[in-house]
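The structure appears right after this line, and notes come after that.
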Amino acid sequence: MDNKKIRVAITHGDTNGIGYELIFKAFADPEMLELCTPVIYGSPKVASYHRKALASETPFTIISSTDDIRDGKLNLLTCFDEEVKVELGVPTEEAAAAGAKALKKAIEDQKEGRFDTLVLAPVVQNAEVKRQGLVVLMDPNLRIALANADSTMKEAVGKVTKENILKKADIFFSLLKRDLRIGNPRVAVLALNPNADGTEETEAILPAIKELTEKGKQAFGPYPAADFFGSGKYQVFDGILAMYHDQGAIPFRTLSSPDSIVCVAGLPVPCTMPLDATCHENAGKGVADENSFRQAIYTAIDICRNRRNFDEPLANPLPKLFHEKRDDSEKVRFSVPKKQENAPTEDESQE
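Going by numbering that gives the first Met the number 0, the sequence shown opens with residue 0, and the numbers climb by one from there.
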């Protein structure tokens, strides 16, 4: 697959939502097919219904297997044959289940290396994917990782442990360095309590920051969230690690740009999705804004390329000039002969 275009798997999301509208609008531009080879995981019948309802002219090619994927086409992989009742704008169990089937099929194919990166259209079941990695809210200038994205407030407090913070911070640093190619990222860690003076700070957050620093990672804090965002301190950091959902999501929604997306870090393949939820209220009206979805595709492609460029030099490292253990056969070529070490200088010889 190295000589082919990057394959982007796209799940169709909730079939009563805006998933297909986002897909058709994004790929109405033929130049998108020059950047990647898209594969929609969904249903031809549902896709046709949406395209007719939206009066969209974006063509797609139906395939039954990833072996049939064609470059230069918007491929649609049939994930199920059952009839699905489409009620645009109405949240139903059937529509959510159809989205879950597409996601399940995509996950199965990912394990077999059938595609390079994954982009998810909105559906409730995406929360399952989020729990498997680290949710990072991203725009070009702001990146906020949510250490406990889908936890209740009570659960989030219980998860503020040194071990959990270190785990999430390691994933975050890897995203910044490997996936986004930030050489020496600076990460701010937010406090749980308003004044950063609770037991969670002294027993978990501060020790985690200390250990990260000892490992050579640029971690700072803990910072009280209100002052941190209100004073503009966030602008000097490459990433921010929030302790619970609203602590990071609310300021992100306030400060971010229309190019904002969600990235799920720590998964085998790059995984992104638009920032918007299912948006049933806009389904079928042709008013959904596809910009965030398009940015999710761009970001997934960039991460895929960055990972390859980052990993390639590490795959075949140059052999060490010297071994850790004594090996005279290697060192003798560069050592100074003992006779020369103790040989008299020219002046001493003349004396």
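Note that the Cβ used here is the ideal one computed from N, Cα and C, for glycine as well. As the structure is a computational prediction, the values presented were derived from the model and not from experiment.
Neighbourhood of residue i by C-beta distance below 6 Å, restricted to the same chain and skipping five residues each side
i: H49; result: Y19
i: G265; result: G132, L133, I170
i: H244; result: L145, A148
i: P206; result: K161
i: A224; result: L189, Q246
i: L175; result: I181, P184, D237, G238
i: G12; result: G18, G98, A120, P121, V122
i: N74; result: V38, T60, I62, I68
i: K216; result: F172
i: L32; result: G71
i: T10; result: Y40, A101, L102, A105, L119, A120
i: F309; result: R177
i: I5; result: C35, D115, I300, C303
Reduced DSSP category for residue i - H, G, I as helix; E, B as strand; rest coil
i: V38; result: strand
i: G18; result: helix
i: Q217; result: strand
i: Y229; result: Per the sequence shown, the amino acid found at residue 229 is Gly instead of Tyr. The answer is helix: DSSP assigns G229 an H, G or I state.
i: P273; result: strand
i: G70; result: Note that residue 70 corresponds to Asp in the displayed sequence, not to Gly. Coil.
i: Y354; result: A query on residue 354 cannot be resolved here, the shown segment of the chain reaching from 0 to 350 and no further.
i: M242; result: coil
i: V159; result: coil
i: A144; result: strand
i: D288; result: coil
i: D178; result: helix
i: K3; result: coil
i: N315; result: coil
i: R113; result: coil
i: E86; result: coil
i: G247; result: helix
i: C278; result: coil
i: P206; result: helix
i: N305; result: helix
i: A94; result: helix
i: Q124; result: coil
i: D80; result: coil
i: D149; result: coil
i: E56; result: coil
i: D326; result: Residue confidence for D326 is low, a pLDDT of 49 falling below 50, so the modelled location carries little weight; the figure read from the coordinates is stated next. It is coil, neither helix nor strand.
i: S259; result: coil
Cβ-based neighbour list, residue i, same chain, cut-off 7 Å, excluding 5 preceding and 5 following
i: F251; result: L136, L141, I143
i: C78; result: Y40, G41, S42, K100, A101, K104
i: C278; result: G16, I17, P121, A287
i: E56; result: none
i: N192; result: E199, E200
i: K84; result: E93
Beta-ladder partner(s) of residue i, from DSSP
i: I9; result: I39, V118
i: L75; result: I39, I61
i: D310; result: Per DSSP, none; premise fails for D310.
i: A264; result: L133
i: V188; result: L240
i: D138; result: L141
is_contact[residue i, chain B] using C-beta, thresh 8 Å
i: V128; result: In summary, chain B is missing from the structure at hand, where a single protein chain is found.
Rounded distance between the beta-carbons of residue j and residue i, thought under 8 Å
i: Y233; j: A187; result: 7 Å
i: I68; j: V38; result: 6 Å
i: P269; j: A299; result: 5 Å
i: D138; j: S256; result: 5 Å
Cβ shell of residue i (< 8 Å), same chain only, five flanking positions each side left out
i: Y222; result: A187, V188, L189, A190, A195, K232
i: E210; result: K161, L165
i: Q354; result: A question about residue 354 goes unanswered here, because the residues of the chain that appear run from 0 up to 350.
i: V263; result: V128, K129, Q131, G132, L133, V134, V135, C270, T271, M272
i: D326; result: The predicted position of D326 is uncertain, since its pLDDT is 49 and thus under 50; no value can be drawn from it.
i: G285; result: E20, L53, A54
i: F219; result: R185, V186, A187, V188, I208, F236
i: K3; result: T36, D70
i: E280; result: G88
Exercise for the section: Would you check if the stretch 239-253 and the stretch 288-302 touch, i.e. whether three or more CB-CB distances between them fall below 8 Å? Expected result: no
Problem - Cβ pair count under 8 Å reaching 3, the stretch 154-169 against the stretch 196-206 - result: yes
Practice task
Assess, as a yes-or-no matter, whether the stretch 92-102 is touched by the stretch 118-131 under the definition of 3 or more beta carbon pairs within less than 8 Å.
Solution key: yes
Handout entry: the stretch 82-95 touching the stretch 108-118, judged by at least three CB pairs closer than 8 Å
Key = no
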